[in-house]
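I have placed the structure first, in the form of structure tokens, so that the comments after it can refer back to it.
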Amino acid sequence: MKIDLAQARATVKELAEELEALDGTEVIPRPSRAARRQNSHTSRTLLRLAHLGDRASVEVMGVYHDFKLRDSPPEGSDH
Numbered sequence: 504m505k506i507d508l509a510q511a512r513a514t515v516k517e518l519a520e521e522l523e524a525l526d527g528t529e530v531i532p533r534p535s536r537a538a539r540r541q542n543s544h545t546s547r548t549l550l551r552l553a554h555l556g557d558r559a560s561v562e563v564m565g566v567y568h569d570f571k572l573r574d575s576p577p578e579g580s581d582h
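Numbered according to the working numbering, the sequence shown spans residues 504 to 582.
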């Protein structure tokens, strides 16, 4: 059995790229139309980043469960 983490790695790469793009974004403090638009975009982006982090975690857990199923002997077996 080979452990395949390609999907999780792709998700983490996407997360890292989007984190880098958002890092250092200036927040417009004034209540203007442009500020609301930017803040809305930033809010949606942060939610997407949280989702990508969760997705990577689920992908790794899927690989873990596959590994444990193959690593554990069937019930009632002496091996």
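We put the CB at the ideal spot given by N, CA and C, even for glycine. Since we're looking at a predicted model, the values are computed, not measured.
- For M564, the uninterrupted alpha helix (DSSP H) run begins and ends at R536 to D574, by DSSP.
- Between V515 and A559, the beta carbon gap of about 5 Å places them in contact (Cβ cut-off 8 Å).
- Straight-line spacing of the CA atoms in M564 and R547 works out to 26 Å.
- One alpha carbon belongs to D507, the other to V566, and they sit about 7 Å apart.
- The alpha-carbon separation between P534 and E523 amounts to approximately 26 Å.
- Boundaries of the alpha helix (DSSP H) harbouring T514: A509 to L525, taken from the DSSP string.
- A519 is positioned such that its CB atom lies no closer than 8 Å to that of E562.
- For the pair L552 and E521, the CB atoms are nearer than the 8 Å cut-off.
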